[in-house]
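Q:
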Amino acid sequence: MQPQILVLKEGTDQSQGKPQLISNINACQLVVDAVRTTLGPRGMDKLIVDHGGKAVISNDGATIMKLLDIVHPAAKTLVDIAKSQDAEVGDGTTSVVILAGELLKRLKPFVEEGVHPRIIIRAIRTAAKLAVDRVKELAVKIEKQSPEEQRELLRKCAATAMSSKLIHQQKGHFSKMVVDAVLSLDAPLLPLDMIGIKKVSGGALEDSFLVAGVAFKKTFSYAGFEMQPKSYDNCKIALLNIELELRAERDNAEVRVDNVKEYQKVVDAEWQILYEKLAALHASGANVVLSKLPIGDVATQYFADRDMFCAGRVPEEDMKRTQRACGGAVLSSVRDMKQESLGSCAHFTERQVGGERYNIFTGCPAARTCTLILRGGAEQFLEETERSLHDAIMIVRRTLKNDAVVAGGGAIDMEISAHLRAYSKGVAGKEQLLLAAAARAFEAVPRQLCDNAGFDATNLLNKLRQKHHQGEVWYGVDIQKEDIGDNFASCVWEPAIVKTNAITAACEAAAQILSIDESIKNVKGDAPPMAQGRGMGRPRMG
Numbered sequence: 053m054q055p056q057i058l059v060l061k062e063g064t065d066q067s068q069g070k071p072q073l074i075s076n077i078n079a080c081q082l083v084v085d086a087v088r089t090t091l092g093p094r095g096m097d098k099l100i101v102d103h104g105g106k107a108v109i110s111n112d113g114a115t116i117m118k119l120l121d122i123v124h125p126a127a128k129t130l131v132d133i134a135k136s137q138d139a140e141v142g143d144g145t146t147s148v149v150i151l152a153g154e155l156l157k158r159l160k161p162f163v164e165e166g167v168h169p170r171i172i173i174r175a176i177r178t179a180a181k182l183a184v185d186r187v188k189e190l191a192v193k194i195e196k197q198s199p200e201e202q203r204e205l206l207r208k209c210a211a212t213a214m215s216s217k218l219i220h221q222q223k224g225h226f227s228k229m230v231v232d233a234v235l236s237l238d239a240p241l242l243p244l245d246m247i248g249i250k251k252v253s254g255g256a257l258e259d260s261f262l263v264a265g266v267a268f269k270k271t272f273s274y275a276g277f278e279m280q281p282k283s284y285d286n287c288k289i290a291l292l293n294i295e296l297e298l299r300a301e302r303d304n305a306e307v308r309v310d311n312v313k314e315y316q317k318v319v320d321a322e323w324q325i326l327y328e329k330l331a332a333l334h335a336s337g338a339n340v341v342l343s344k345l346p347i348g349d350v351a352t353q354y355f356a357d358r359d360m361f362c363a364g365r366v367p368e369e370d371m372k373r374t375q376r377a378c379g380g381a382v383l384s385s386v387r388d389m390k391q392e393s394l395g396s397c398a399h400f401t402e403r404q405v406g407g408e409r410y411n412i413f414t415g416c417p418a419a420r421t422c423t424l425i426l427r428g429g430a431e432q433f434l435e436e437t438e439r440s441l442h443d444a445i446m447i448v449r450r451t452l453k454n455d456a457v458v459a460g461g462g463a464i465d466m467e468i469s470a471h472l473r474a475y476s477k478g479v480a481g482k483e484q485l486l487l488a489a490a491a492r493a494f495e496a497v498p499r500q501l502c503d504n505a506g507f508d509a510t511n512l513l514n515k516l517r518q519k520h521h522q523g524e525v526w527y528g529v530d531i532q533k534e535d536i537g538d539n540f541a542s543c544v545w546e547p548a549i550v551k552t553n554a555i556t557a558a559c560e561a562a563a564q565i566l567s568i569d570e571s572i573k574n575v576k577g578d579a580p581p582m583a584q585g586r587g588m589g590r591p592r593m594g
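So the sequence shown is numbered by our numbering: it starts at 53 and just counts up by one.
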């Protein structure tokens, strides 16, 4: 009898062949079921409680996928595509997971019947290429029109992105804010970090507003702060990284003095250093002094007497945005301050927002920046609003960069499905069946939209198939009328890049999962024994 040869460590989990592939597909199915119901305007939300007991309520696919602690190695692929879709485009994260899951579900019977995975993968790649080409062919290029028309187009794209979010009731108000925010950035880069989002609980969602400049929360202040002026026009801003207060020496220095006068000189020297700094700031002509480090009570009083405003302990990111918006430099010393190292803005004011006070700089000359100040009831609600706005901002940025749009609401998905089905009829061999299965998979998004809204999915999909067969390419699910309709005419638009990116990512993920035929899970190595510590005062043994 042959002795058994052990190559891998004992206890290594090794599974291979068809059962392994089926098990991977089933694991992905479970992940898809977790986010399936969040798709579309009538999608439900998920409440996820993390390890620390913090509850998050969201219907953003990427957020849910990140918070689900998925341990299955193959199912993690779906988390990765959701993250990549979020980073690349910002929206369509749920769609991409549903599409990948549906492709696997439709192709699972072929795997069970023994079709080689490589043939299936080839069919997926063909389907992906055909689908992307079809989207590009149908995408409506937005000619460079007047700024008003462009703004209106962007507003429609932002409204479509928000229609499935928690804030869909106020999408008119927010879509206008988002478009104004993105258009105020510097083209062509449109840097995201120049849009600040601040959350103030209390008030209604409609009380949220856009500041065309920098806004940050009033920092901790000392006595004398209320005597400072709270608004300026055409003000100069000094940005510092200096502590403006008396501070105890850090090192244990020892100064020997033999009379009181000598001691007084040491104390006076400390004060003198501080007053010299303050005098230099006043002489520079700055009206507003911001520092990353604390500004003490003496300095606060000094500035108040000279009609200057100061704020200490300003957070790093707010300081950076103020510097990039108002110009100037963050100074580490106040010696020989030059005028060009001071920032400037047209208007500075301090304003009450709910229970907080905000310092607001507008009319900044250097870079174009803006801040969204969000209001709302609960903490979780504000966080979900911020996530929804992030998606909408990303969509508007993408539309500005790639100005081609397609109709949403399942219209483009049905058209791709019809196109693949027609193409598959002209292909001989197994690929015909595989392409037809992929065509079925693309119907997942409109089907899920119907299911989530409580419509009869079979009935509506049959109507849509008929319309697309007749050449009505923009027909999709109309949630408002509980029927089908021309979604391009009813302005349900999304950037073509969202779809092409989702199709590519979903097909790549499906192909990757189908190409795994064996998984080997190594056993955890035995931890080295802990060295025994000696108790205090115990002599070393041996």
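We treat Cβ as the ideally placed atom computed from N, Cα and C, and that holds for glycine.
Computed from a prediction, not measured in an experiment: that's the story for all the values here.
Tell me which residues share the same chain as Ala561 and place their Cβ nearer than 7 Å to its Cβ, disregarding the 5 neighbours each side in the sequence.
A: Walking along the sequence shown from the start, residue 561 turns up at place 509. Excluding positions up to five away in sequence, the list reads Thr129, Leu130, Ile133, Ala152.
Q: Is Thr146 closer than 9 Å to Asp121 when the C-beta atoms are compared?
A: Residue 121 sits at position 69 when you count from the first residue of the sequence shown. Residue 146 sits at position 94 when you count from the first residue of the sequence shown. No. Outside cutoff.
Q: Please return the same chain residues whose Cβ sits closer than 6 Å to the Cβ of Lys208, not counting the five positions on each side in sequence.
A: Within the sequence shown, residue 208 is the residue found at index 156, counting from 1. Answer for Lys208: Cys543, Trp545, listed in chain order.
Q: Let me check one thing: in DSSP terms, what residues is Ile347 bridge-paired to?
A: Mapped onto the sequence shown, residue 347 falls at position 295. In DSSP, Ile347 forms a bridge with Leu296.
Q: How should Leu501 be labelled, buried or exposed, when 16 other C-beta atoms within 10 angstroms of its C-beta is the threshold for buried?
A: As a first step, residue 501 must be located in the sequence shown, where it is residue number 449. It is buried - the Cβ of Leu501 has at least 16 other Cβ atoms within 10 Å.
Q: Using 10 angstroms around the beta-carbon of Trp323, count the other beta-carbons present and answer buried if the total reaches 16, otherwise exposed.
A: Position 271 of the sequence shown, counted from the start, is the residue given in the question as residue 323. That one is exposed.
Q: Would you give the residue range spanned by the alpha helix (DSSP H) that Thr129 belongs to?
A: On the sequence shown, residue 129 is found 77 positions in, with the first residue counted as 1. Per DSSP, Thr129 belongs to the alpha helix (DSSP H) from 128 to 140.
Q: Figure out for me which residue from Thr90, Ala126, Thr64 has the closest Cα to the Cα of Ile565.
A: Position 513 of the sequence shown holds residue 565. If we check each option's Cα against that of Ile565, Ala126 comes out closest.
Q: For Asp65, count neighbouring Cβ atoms within 10 angstroms of its own Cβ and tell me buried if that reaches 16, exposed if not.
A: Numbered from 1 along the sequence shown, position 13 holds the residue referred to as residue 65. Classification of Asp65: exposed, given that the 10 Å Cβ count is below 16.
Q: Would DSSP call Cys378 helix, strand or coil?
A: Within the sequence shown, numbered from 1, the residue matching residue 378 stands at position 326. In the structure shown, Cys378 sits in a helix (DSSP, three-state: H, G or I).
Q: Does the separation of the CB atoms of Gly395 and Ile289 fall below 9 Å?
A: In the sequence shown, counting from the first residue as 1, residue 395 sits at position 343. In the sequence shown, counting from the first residue as 1, residue 289 sits at position 237. Contact flag set, yes.
Q: Any idea what DSSP makes of Ile116, helix, strand or coil?
A: Working through the sequence shown from its first residue, we reach residue 116 at position 64. Three-state result, Ile116: helix.
Q: With a 10 Å radius around its C-beta and 16 neighbouring C-beta atoms as the bar for buried, classify Tyr315 as buried or exposed.
A: The residue you call residue 315 lines up with position 263 of the sequence shown. Its Cβ having fewer than 16 others within 10 Å, Tyr315 is exposed.
Q: Taking the Cβ atom as the reference point for each residue, do Leu424 and Leu262 lie within a distance shorter than 9 Å?
A: One-based indexing of the sequence shown puts residue 424 at position 372. One-based indexing of the sequence shown puts residue 262 at position 210. Yes, Cβ-Cβ distance for Leu424 and Leu262 is below 9 Å.
Q: Do you know whose CA, among Ala505, Ala558, Cys559, lies nearest Lys533's CA?
A: Counting from 1 along the sequence shown, the entry for residue 533 is found at position 481. Among Ala505, Ala558, Cys559, the Cα nearest to that of Lys533 is on Ala505.
Q: Would you mind giving the Cβ-Cβ distance between Ala139 and Asp443, rounded to the nearest angstrom? I have them listed as a contact below 8 Å.
A: Looking up residue 139 in the sequence shown gives position 87. Looking up residue 443 in the sequence shown gives position 391. Between Asp443 and Ala139 the Cβ distance is about 12 Å, and since that is not below 8 Å, they are no contact.
Q: Is it a yes or a no for the stretch 264 to 278 touching the stretch 395 to 413, going by three-plus beta-carbon pairs under 8 Å?
A: Enough Cβ pairs lie closer than 8 Å, so yes.
Q: Out of Ile173, Pro93, Gly481, Gly105, which one is the CA nearest neighbour of Ile568?
A: Here residue 568 refers to the residue found at position 516 of the sequence shown. For the residues Ile173, Pro93, Gly481, Gly105, the minimum Cα distance to Ile568 belongs to Ile173.
Q: Assuming His471 and Leu182 form a contact by the criterion Cβ under 8 Å, report the distance between their Cβ atoms to the nearest whole angstrom.
A: The count along the sequence shown starts at 1 and reaches residue 471 at position 419. The count along the sequence shown starts at 1 and reaches residue 182 at position 130. The pair is a contact, with the Cβ atoms about 7 Å apart (cut-off 8 Å).
Q: List the residues that DSSP assigns as beta-bridge partners of Ala338.
A: Sequence index remark: in the sequence shown, residue 338 carries index 286 (1-based). For Ala338, which the question treats as bridged, DSSP gives no partner whatsoever.
Q: Classify Ile171 as buried or exposed, calling it buried when 16 or more other Cβ atoms lie within 10 Å of its own Cβ.
A: Here residue 171 refers to the residue found at position 119 of the sequence shown. Exposed: under 16 other Cβ atoms inside 10 Å.
Q: Which runs of the beta strand (DSSP E), 3 residues or longer, sit entirely within the stretch 515 to 565?
A: Runs of the beta strand (DSSP E) inside the stretch 515 to 565: 527 to 530, 535 to 538, 545 to 547.
Q: Determine whether the beta carbon atoms of Phe355 and Val341 lie at a separation below 9 Å.
A: Residue 355 sits at position 303 when you count from the first residue of the sequence shown. Residue 341 sits at position 289 when you count from the first residue of the sequence shown. Yes, the Cβ-Cβ distance between Phe355 and Val341 is below 9 Å.
Q: Can you tell me whether Glu165 is buried or exposed, with buried defined as 16 or more other CB within 10 angstroms of its CB?
A: In the sequence shown, the residue the question calls residue 165 occupies position 113. It is exposed - the Cβ of Glu165 has fewer than 16 other Cβ atoms within 10 Å.
Q: Determine, using beta-carbon pairs with one atom in the stretch 95 to 112 and one in the stretch 182 to 192, whether at least three such pairs fall under 8 Å.
A: These segments do not touch.
Q: Exposed or buried, what is Ile150 when buried is set at 16 or more other beta-carbons lying within 10 Å of its beta-carbon?
A: Counted from its first residue, the sequence shown places residue 150 at position 98. Flag for Ile150 reads buried.
Q: Looking at the strands, I want to know which residues DSSP matches up with Thr423.
A: The residue you call residue 423 lines up with position 371 of the sequence shown. Per DSSP, Gly248, Val263.
Q: Would you check if the distance between the CB atom of Ile74 and the CB atom of Lys157 is smaller than 9 Å?
A: Taking the first residue of the sequence shown as position 1, residue 74 is located at position 22. Taking the first residue of the sequence shown as position 1, residue 157 is located at position 105. Not a contact, by the Cβ cut-off of 9 Å.
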